[in-house]
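Here's the structure, in structure tokens; my notes come after.
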Amino acid sequence: MEDLQGEVHLNIPAHKAWEMFTNNETVAKINPEMLASAEYLKGDGSLRSLRILRLGPALHHFVKEYVQKIKKIESGRHLSYEVCCSYKTQHTHYELC
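The C-terminal position of the sequence shown is numbered 97 in the UniProt record's numbering, with every residue numbered one higher than the one before it.
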């Protein structure tokens, strides 16, 4: 299992970035060519929720959709999830400062 970590500096307030990562309606509006839709299959965004993200046409050659399983969440600050695809699983972490 891979562990993916990185750092990105966003020029927006932390609460806006949090909404961007966690709100299904917002995340799909940012760039529909990259991410067409998102919805919770199980749960509401809390711990152990399952969320499916359907990728847009710009990424269909890579993968059409993937599922996130929320592993750790500190509302407004930290989000860790497991990405489950048909070919591999990886852990991803976001921390807002």
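Positions of the beta carbon are idealized from the N, C-alpha and C atoms, including for glycine.
Just so it is clear, the structure is predicted and the values come from calculations on it, not from any experiment.
Where VAL8 is concerned, there is no enclosing alpha helix (DSSP H), because DSSP gives it neither an H nor an E.
DSSP, reduced to helix, strand and coil, places VAL67 within a strand of the structure shown.
Beta-carbon to beta-carbon, LEU10 and LEU35 are separated by about 16 Å, too far to satisfy the 8 Å threshold. The C-alpha of ASN31 is placed about 10 Å away from the C-alpha of ALA58.
Residue environment analysis places ILE12 among the exposed positions, since fewer than 16 neighbouring C-beta atoms fall within 10 angstroms of its C-beta. The three-state reading of DSSP puts LEU55 in strand, counting E and B together.
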